[in-house]
Amino acid sequence: MIARIRNCLLVCAASALTAGIAYGESEPTALVDQQHCMFCHTRDAPFLAPSFQQIADHYRNMPDAQPMLEHKLRLGGKAHWGDTPMPPAAERGGPLSAQDAHTLVQWVLSQ
Ligand code: HEC
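With mature numbering (1 follows the signal peptide of the UniProt record, and there is no 0) applied, the sequence shown covers -24 to -1, 1 to 87.
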């Protein structure tokens, strides 16, 4: 029993570590799917929207960016990158809690 728990701890720690090295924050997949983020964004190629890497590069060193982006992710806001603003959460897949918006923005900024 103890050995099994120890095994699990090792495996979990190892996979967390790999995800951390490969992608910064690990992807909050359920939220990303529910909110259809990848419908308009990709990690590294601008498409219908700026790539998450462009966004991360742009905001990484701006201390106020995180709360602004969380607010925008939940309620929408004016466009910063072009003429098309991002639709608010309710139009993308359902309302988004402050906690979930925080998780998503942290993940985007770690790309
Ligand atoms: C319907 C298409 C669409 C979907 C779905 C979408 N986005 Fe966007 N997103 C955009 C567009 C277009 C922009 C550029 C808006 C602008 O010019 O500020 C954008 C901009 C952003 C920005 C930068 C905002 C800024 O003010 O610079 C972030 C962060 C972002 N998206 C994250 C996400 C995340 C996370 C999801 C999923 C929860 C998501 N987006 C889903 C279209 C989309």
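All C-beta atoms in this analysis are idealised placements derived from N, C-alpha and C, irrespective of residue type, glycine included.
A Cβ-Cβ separation of about 7 Å places residue 72 in contact with residue 11 under the 8 Å criterion. Counting only the Cα atoms, residue 59 lies some 24 Å from residue 87.
For residue 68, the three-state secondary structure derived from DSSP is helix. The Cβ neighbour count for residue 62, taken over all protein chains shown within 10 Å, is at least 16; the residue is labelled buried. Short of 7 Å from the beta carbon of residue 65, and not among the five residues preceding or following it, lie these beta carbons of its own chain, in chain order: 11, 49, 50, 71, 72. Annotation for residue 79 indicates a beta carbon at 7 Å or more from all heavy atoms of the ligand HEC. Around the C-beta of residue 26, 16 or more other C-beta atoms lie within 10 Å, and the residue is accordingly described as buried. Closest option to residue 74, judged by alpha-carbon separation, among 47, 20, 68, 37: 47. DSSP places residue 18 outside both helix and strand once states are collapsed to three, so it counts as coil.
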